[in-house]
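*Asks:* Submitted below is the structure of interest, expressed as structure tokens.
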Amino acid sequence: MITCHVRYEIDPGRIEAFEAFAERWMRLVERHGGVHHGYFLPAEGASDIAYALFSFPSLADYERYRSRFGVDPEFVDADRIRDESGCVRRYERTFLRPLLPSAH
1 MITCHVRYEI DPGRIEAFEA FAERWMRLVE RHGGVHHGYF LPAEGASDIA
51 YALFSFPSLA DYERYRSRFG VDPEFVDADR IRDESGCVRR YERTFLRPLL
101 PSAH
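Counting in my numbering, the sequence shown runs from 1 upward without gaps.
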């Protein structure tokens with residue numbers, strides 16, 4: 001399993017657009033074989049940082065999902081929300097492998 005952690009710098013004045021963008025991507029990840037663990041948005045104070053976590057069974061599965069970016073109309077439409085609204089100023093992706101509690 002591979003988990004992608006995305007750190008977003010968002011425009012707090014455009015949080016509704018970011019939420020629409022996030023809702024769309026959660027559905028796309030699930031539809032294309034991943035598990036979305038959610039978006040985590042600022043709740044209190046003056047923060048412009050949001051996070052997302054989602055997993056795929058393997059890096060190869062993630063790469064198949066990524067191959068649809070810029071090509072699949074649903075993916076293009078989801079990115080259009082971000083691009084046209086300006087809700088995301090910057091983002092960075094990190095790939096993680098989980099270390100989970102043992103069964104005993």
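Think of the CB as a built atom: it goes at the ideal place given N, C-alpha and C, for glycine as much as any other residue.
Kindly give me the distance between the Cβ atoms of LEU10 and ASP48, rounded to whole angstroms, as I take these residues to be in contact under 8 angstroms.
*Replies:* The identity of residue 10 in the sequence shown is Ile, whereas the question assumes Leu. Rounded, the Cβ-Cβ distance is 6 angstroms, consistent with contact.
*Asks:* If I follow the unbroken alpha helix (DSSP H) through ALA60, where does it start and stop?
*Replies:* Here the alpha helix (DSSP H) through ALA60 covers 59 to 66.
*Asks:* When you compare each of ASP83, ARG80, PRO73 and SER58 to LEU96 by their alpha carbons, which one comes out closest?
*Replies:* Out of ASP83, ARG80, PRO73 and SER58, SER58 has the C-alpha closest to the C-alpha of LEU96.
*Asks:* Do ALA17 and CYS87 have their C-beta atoms closer together than 8 angstroms?
*Replies:* Cβ atoms of ALA17 and CYS87: closer than 8 angstroms.
*Asks:* One question on the structure: do GLY38 and SER55 come within less than 8 angstroms of each other, judged by their Cβ atoms?
*Replies:* No; because the gap between Cβ atoms is not below 8 angstroms, this pair is not in contact.
*Asks:* Expressed to the nearest angstrom, what Euclidean distance is found between the alpha-carbon atoms of ARG80 and ARG14?
*Replies:* Spanning the two alpha carbons is a distance of roughly 14 angstroms.
*Asks:* Is SER102 helix, strand or coil by DSSP?
*Replies:* Reduced to three states, the DSSP call for SER102 is coil.
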